[in-house]
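Sequential numbering from 890 applies to the sequence shown in this note's numbering. Backbone N, C-alpha and C define an ideal beta-carbon position, used for all residues, glycine too. On a predicted model such as this, the values are computed, not experimentally measured, just so you know.
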Amino acid sequence: MDLQIDLQIQMTEGDLMEKKERNETMEINWKQQKVISNPLRSRMIALLYEQPMTPKQTADTLGKNPGTVYYHIQQLVKHGILEVESVSTEKGIVEKYYRAKAISFRNPEQETPLGQVDRREGNIYLSKKLVKQLGEDVQDLLLKYGHLSYKEKDVEEQAPYTVEYLIKEFKEEEDE
């Protein structure tokens, strides 16, 4: 499974160079796949990929309880998704800054159905307004690629594909 989580954050040129130096796609196993399937953890991975933060900073950014965020960070570290990037001590308090090792994840053990060319999934929080906007944006993308396909039909070899789109409500488990 490819899990692509994109944050639309403006980055400086230096941020882009640093991002290219980091591994953007990471191969994972089934246990790691289960660990990252939680939408809160996916959101944390996206934030911590863009910039290292302490658990407190992460909790403040997400508007979540620091204890809850700390637990999820520890699970992600335990399963090799996050790493400690740096440690600082201020006024006797040790602060660990965590960073995600990747932004996209692929499980090579997962079988690809016959005929499937590509698949992307992401667990994210959306309002009803954003769900509606996402649907409209996907429709616009399908139309865009339909037009591009027509324009290139005489210069590039083409094959027929089915593109599927699904938004499914995620039911969070209480005891993760």
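Pick from SER993, LEU1015, VAL966, TYR1050 that is closest to GLN1005, judged by C-alpha positions | As a first step, residue 1005 is located in the sequence shown; it is residue number 116 there, counting from the start. Among SER993, LEU1015, VAL966, TYR1050, the Cα nearest to that of GLN1005 is on TYR1050.
So is ALA1048 buried or exposed if we call it buried at 16+ other beta carbons inside 10 Å?
-> For the purposes of this step, residue 1048 is taken as residue 159 along the sequence shown, with counting starting at 1. Result: exposed.
Mind checking PHE840: buried by the 16 CB within 10 Å criterion, or exposed?
-> Past the boundaries of the shown model lies residue 840; the chain is included only from 890 to 1065, so the question cannot be answered.
Cβ neighbour criterion (16 or more within 10 Å) applied to ARG930 = Position 41 of the sequence shown, counted from the first residue, corresponds to residue 930. Looking at its Cβ environment, which holds 16 or more other Cβ atoms inside 10 Å, ARG930 is buried.
Determine which residues share a DSSP beta bridge with TYR986 and list them.
-> Taking the sequence shown and counting its residues from 1, one reaches residue 986 at position 97. Beta-bridge pairing links TYR986 to SER975.
Skipping 5 residues on each side, what residues in its chain have a beta carbon closer than 7 Å to that of ILE970?
-> Working through the sequence shown from its first residue, we reach residue 970 at position 81. Here the set comprises GLN921, VAL924, ILE925, ILE934, ALA989, LYS990.
Would a C-beta distance cut-off of 8 Å place VAL983 and VAL976 closer than the cut-off?
-> Within the sequence shown, the letter at position 94 stands for residue 983. Within the sequence shown, the letter at position 87 stands for residue 976. It is a contact, given that the beta carbons lie within the stated cut-off.
Taking GLU1053 as the reference, which of GLY1035, TYR1014, ARG1008, ASP1029 has the closest Cα?
-> Taking the first residue of the sequence shown as position 1, residue 1053 is located at position 164. Ranking GLY1035, TYR1014, ARG1008, ASP1029 by Cα distance to GLU1053 puts ARG1008 first.
Where PRO997 and ASN927 are concerned, what is the direct C-alpha to C-alpha distance, given to the nearest angstrom?
-> The residue labelled residue 997 in the question sits at position 108 within the sequence shown. The residue labelled residue 927 in the question sits at position 38 within the sequence shown. Roughly 20 Å separates the two Cα atoms.
Where ASP949 and PRO1002 are concerned, what is the direct C-alpha to C-alpha distance, given to the nearest angstrom?
-> Indexing the sequence shown from 1 puts residue 949 at position 60. Indexing the sequence shown from 1 puts residue 1002 at position 113. The straight-line gap from Cα to Cα measures roughly 41 Å.
May I ask you to report which of helix, strand or coil DSSP gives THR957?
-> Start at 1 with the first residue of the sequence shown, and residue 957 comes out as number 68. In the structure shown, THR957 sits in a helix (DSSP, three-state: H, G or I).
In chain order, what residues of the same chain lie with their CB nearer than 6 Å to the CB of GLU1063, ignoring the 5 residues before and after it?
-> In the sequence shown, counting from the first residue as 1, residue 1063 sits at position 174. Reliability of the predicted coordinates at GLU1063 is poor, the pLDDT of 47 falling under 50, and the value obtained from them is presented with this limitation in mind. Correct list: empty, nothing qualifies.
State the start and end residues of the unbroken alpha helix (DSSP H) segment that holds THR950.
-> Residue 950 sits at position 61 when you count from the first residue of the sequence shown. Note, THR950: alpha helix (DSSP H), 944-951.
Inter-residue spacing [alpha-carbon to alpha-carbon] between SER958 and GLN946 | Along the sequence shown, read from residue 1 onward, the residue named residue 958 stands at position 69. Along the sequence shown, read from residue 1 onward, the residue named residue 946 stands at position 57. What sits at residue 958 in the sequence shown is Val, not Ser. If I take the Cα positions, the gap works out to 10 Å.
Residues bridged to LEU914 [DSSP beta-bridge criterion] = As a working note, residue 914 is residue 25 in the sequence shown. The sequence shown places Thr at residue 914, not Leu. Partner(s): SER993.
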